[in-house]
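Note that the protein sequences, when read in sequence, are chains A and B. Just so it is clear: in the first sequence, position 332 is 331 by numbering that gives the first Met the number 0, and no numbers are missing. Just so it is clear: in the second sequence, position 244 is 243 by numbering that gives the first Met the number 0, and no numbers are missing. Ideal Cβ placement from N, Cα and C applies to all residues, glycine included.
Protein chains: 2
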Amino acid sequence: MMQILDLRNKIGDSSLKTMGLGRPINDDRDLEKTVIKILNKVKDRGDKAIKSFTKLLDEVTIKKLQVSPQEIQEADGLVSEELKQAIKLAASNIRKFHEAQVLKSTPIQMTTGVECWSKSVAINRVGLYIPAGSAPLFSSLLMLGIPAVIAGCEQIVLCTPPDKNGKVHPAILFTASLIGLTSIYKCGGAQAIAGMAYGTESIPWVHKIFGPGNRFVTMAKQLVQKDGISIDMPAGPTELLVYADKDANPVYVAADLLSQAEHGADSQVVLVSYSESVLRNVKLELDKQLETLPRKEIAEKSLPNSKAVLVLDDEEAMKLINAYAPEHLILNCANADALAEKVINAGSVFLGNYSPESAGDYATGTNHVLPTNGYAKSYSGVSVDSFVKKISYQKLTEEGLKNIGPAIELMAAAEGLEGHKRAVTYRINK
Amino acid sequence: MMQILDLRNKIGDSSLKTMGLGRPINDDRDLEKTVIKILNKVKDRGDKAIKSFTKLLDEVTIKKLQVSPQEIQEADGLVSEELKQAIKLAASNIRKFHEAQVLKSTPIQMTTGVECWSKSVAINRVGLYIPAGSAPLFSSLLMLGIPAVIAGCEQIVLCTPPDKNGKVHPAILFTASLIGLTSIYKCGGAQAIAGMAYGTESIPWVHKIFGPGNRFVTMAKQLVQKDGISIDMPAGPTELLVYADKDANPVYVAADLLSQAEHGADSQVVLVSYSESVLRNVKLELDKQLETLPRKEIAEKSLPNSKAVLVLDDEEAMKLINAYAPEHLILNCANADALAEKVINAGSVFLGNYSPESAGDYATGTNHVLPTNGYAKSYSGVSVDSFVKKISYQKLTEEGLKNIGPAIELMAAAEGLEGHKRAVTYRINK
């Protein structure tokens, strides 16, 4: 079911599409219209609109959108002790990795009397969206909530859809509580994004919205940008590329590919190797493992879009990888360290035989909110940086302005901006 | 001509618009249609389309889009020695400030056998747009080109419109040459953005496009994002807010306000003070200085949109500043250091009486490509960070995976993702 492409000697300047590795493109025009309607209704009617969309789309009547402290407390009793410990271990690693991202900036003396510095300042109000459709993604909440708290965001709003009983999954509430979030709303889909973008009677508006979601959520995030709300990154279906050398274990490789394929019917899975026997063996192993996979139906839909690519050698493989720019890249090969140095475009890289993608999805400490759809060419994954902006500062003394003033005057005049020049001249020619 | 608003005791939760400080909103629907046409023509017809738009819009026939080495050499003779020295001084400060932004990352040992790190990797192909309509903005080229070179971008493409003789302004060519750029194209407007987004016979395509421009350029940058090209930041008219205390020199304050007002008829200028006499004196001084300003006509159009705001005290001023989120903020007051600590939303901050905005525009070393239109709430200005993405890495040994594997298995199972769990199980239960 996974198509084998022989691309030996063909990886050069031809496009991914020509090589059979193009990503699927959705025609989103109808979706856009629907989502615009949802956004406008929430903008106009606030909570009322959100509740009526929740009834219509999530098929549940919600009286109070905000999760109560009592519900959070109840959830604590519904999560097993061992799952709590697992979440705490993951949280601790994620915290450790992300705390190292906090930047301390020291002023730089540019010349006598001219001092410049920059400072990371938390984005004041941020919104996190956590889907709960096919699974309660508390791991994504760790990935977004922890850096938001480390950055020091003052208002952190969490929206996540309620289940059929009007409840939020206890593992999500436990995780939120562990991180220290209390502003939690039972609200999903495009209506949740609208709530955080424009604010309602219950839901606080925010400056920036984070988090994965279905096509409605993704479209809503795209659209609210027009109203000045920023978002973490453009989103597409999740992806994994595995580069396997001749000694890669086909059982592990197949398991990694399936862990990605089970995400959704639109997941992208690519296997690359110079060894035909590895490609064949992984394919056999895939079929075998698929039989007993609980989410077999989903994985089966995704695999036909996926490709097994035969290349000549490491060099062709790295060319292909950098052209594809995978969200997740597993280098399952003996020389993984050396190849990792040659990665230019990827979201997160997993080295060697014992680094499955799911390790990074949950617990190594790195972030799993990563650029998809080729965006790894210009975007980073979520980090503490995503929750701050850097403000630059400069302080000049009279002497400092005298030192660099003449250069400013000359440049301003050459750009035809006499007003810029005068702002200096008045000060240094008193 | 500058309207005085008395907002004492009125700065709270009411919107900027209600307070009379809303930013102008352009209706861009017609513009969007025009720009889409330009983008599509360039996508389909490449250089031919670019040349015909250049003929139509810049009124000049260009045979060869790329600037020749000879033209670069000629330009060198056309720039005065003193301007060259000024540009070199600015370049040296900008280089010093931006080199400090380069991040070294060291691997973190998360637990025995689990090592994680992240690495800044240059965006491979970037495009810089430098306008030349009302002025040859070589200073913006310094601000974009220097961090691109420091980041290590492999392909740096520069597009800038030709003058009526089909030439690029010598100061721009000198600056490009100083920075080390050679891939320079005579091409402006939306057609230049299209050229860099899609590539033509002459112009290389890029992953990310930077730089200021008119409404066509801004719209084109917005639109090419749909095709997977990223951009530096959303752009709006440039802005300055000056907070002046009772001892601020009205001559300096007025000069600063005019230096911003002369940029364009849509520039935003806001003066804030608790001192009515300072507001009055700055207003008088504005009128006086305006008379002799070469770009009087432009500044005169911008000033009526501008506001002088009376507040009660520092506290109200800081509330207003953080709500407005100005691109440039001058704290012209004795306690500038203390107030700077309270700035949450601003692009670049200038402290004290001797720190005019034009110092940062040209030569302090900080970047002058900054978030406008309130985007300082969630965006940073351009920095080396804008030219890299951070890739995360993880490397686990068998022991490492055994250490965190059980937590991963539990979490994956709780999220209903059995395939994720198995990728671990197969490895640790051999």
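Selected residue, minimal CA-CA separation from residue i, among the options
i, options, result
"A/H206", "A/A337, A/D226 and A/T291", "A/D226"
"B/V348", "A/V241, A/V59 and A/Y392", "A/Y392"
"B/L140", "A/M410, A/K83 and A/K166", "A/M410"
"A/P169", "A/E200, A/I145, A/C158 and A/F137", "A/F137"
"A/K37", "A/A196, A/M1 and A/I178", "This sequence places Ile at residue 37 of chain A; Lys is not what is there. Residue A/A196 is the option with its Cα nearest to A/I37."
"A/T237", "A/K185, A/I35, A/R7 and A/A375", "A/A375"
"B/I202", "B/R44, B/K306 and B/E397", "B/R44"
"B/Y378", "A/F386, A/I427, A/A260 and A/G373", "A/F386"
"B/N331", "B/I403, B/E314 and B/Y353", "B/Y353"
"A/A243", "A/S274, A/I228 and A/Q259", "A/S274"
"A/E81", "A/K185, A/F173, A/D360 and A/A307", "A/F173"
"B/A134", "A/L328, A/A413 and A/T365", "A/A413"
"B/D360", "A/G404, A/A150 and A/Y323", "A/G404"
"B/E315", "B/S272, B/L350, B/T291 and B/S305", "B/S272"
"A/L328", "A/V268, A/L222, A/A175 and A/S382", "A/V268"
"B/Y251", "A/D246, A/R421, A/N39 and A/I208", "A/R421"
"A/I107", "B/Q100, B/L309, B/Q108 and B/S104", "B/Q100"
Chain-ordered neighbours of residue i on chain A, where CB pairs are closer than 7 Å
i, result
"B/L38", "Going along chain A, no residue has its Cβ under 7 Å from B/L38, so there is no contact; the nearest lies around 17 Å."
"B/L278", "Neighbours of B/L278 on chain A: none; closest Cβ ~19 Å, over 7 Å."
"B/T396", "Y353"
"B/G399", "Y353"
"B/N164", "Correct list: empty, because the minimum Cβ distance to chain A is about 18 Å."
Neighbour-count burial assignment, residue i, 16 or more Cβ in a 10 Å radius
i, result
"B/L77", "exposed"
"A/P68", "exposed"
"A/L55", "exposed"
"A/P303", "exposed"
"A/S79", "exposed"
"A/L311", "exposed"
"A/S266", "buried"
"B/E58", "exposed"
"A/L283", "exposed"
"B/A335", "buried"
"B/Q2", "exposed"
"A/D5", "exposed"
"A/N344", "buried"
"A/I297", "buried"
"A/Q190", "buried"
"B/E200", "exposed"
"B/T53", "buried"
"B/R28", "exposed"
Partners in chain B for residue i, counting only beta-carbon separations shorter than 9 Å
i, result
"A/V342", "K118, V120, I390 and Y392"
Closer than 7 Å at the beta carbon, the chain B residues around residue i
i, result
"A/S379", "K388 and K389"
"A/A196", "By Cβ distance, chain B contributes nothing, its closest Cβ being about 12 Å from A/A196, past 7 Å."
"A/E261", "L416 and G418"
"A/I407", "S357, A358, Y361 and A362"
"A/A339", "Y392"
"A/N25", "The contacting residues do not exist; A/N25 stays about 12 Å from chain B at best."
Per-residue contacts from residue i into chain A (C-beta, under 8 Å)
i, result
"B/V250", "Y425"
"B/Y374", "G227 and S229"
"B/L82", "L409, M410 and A413"
"B/D255", "A422"
"B/A243", "Correct list: empty, because the minimum Cβ distance to chain A is about 14 Å."
Beta-carbon gap between residue i and residue j smaller than 7 Å
i, j, result
"B/M232", "B/P370", "yes"
"A/E398", "A/G112", "yes"
"B/N366", "B/G346", "no"
"B/P146", "A/V423", "no"
"A/H97", "A/V368", "no"
Listed by chain order, chain A residues near residue i by CB distance under 9 Å
i, result
"B/I71", "What B/I71 touches in chain A: nothing, since even the nearest Cβ is about 18 Å away."
Contact list for residue i against chain B, beta-carbon separation under 8 Å
i, result
"A/G346", "I390 and S391"
Under 7 Å (Cβ pairs) to chain B, residues found in the segment 85-115 of chain A
A85, I86, L88, A89, N92, K95, F96, A99, I107, M109, V113 and C115
Tell me which residues of the segment 415-428 of chain B have at least one Cβ-Cβ distance to chain A shorter than 9 Å, keeping chain order.
G415, L416, E417, G418, H419, K420, R421, A422, V423, T424, Y425, R426 and I427
Residues, ordered as in the chain, of the segment 171-187 of chain B that lie near chain A by beta-carbon distance below 9 Å
Of all residues in the segment 171-187 of chain B, none has a C-beta nearer than 9 Å to a C-beta of chain A.
Residues from the segment 349-368 of chain B in contact with chain A, defined by Cβ distance under 9 Å
F349, L350, G351, N352, Y353, S354, P355, E356, S357, A358, G359, D360, Y361, A362, T363, G364, T365 and N366
Compile a chain-ordered list of the residues in the segment 201-212 of chain B whose CB is closer than 8 Å to at least one CB of chain A.
H206 and K207
Short of 7 Å Cβ to Cβ, which residues in the segment 212-238 of chain B face chain A?
G227 and S229
With 8 Å as the C-beta to C-beta threshold (strictly closer), list the residues of the segment 270-302 of chain A near chain B in chain order.
Q288, L292, P293, R294 and A298
For the segment 132-147 of chain A, which residues have a CB atom closer than 8 Å to at least one CB atom of chain B, in sequence order?
When C-beta distances to chain B are compared with 8 Å, the residues of the segment 132-147 of chain A below that value are S133, A134, P135, L136, F137 and S138, in chain order.
Where the segment 308-326 of chain A meets chain B: residues whose CB sits under 7 Å from a CB there:
none
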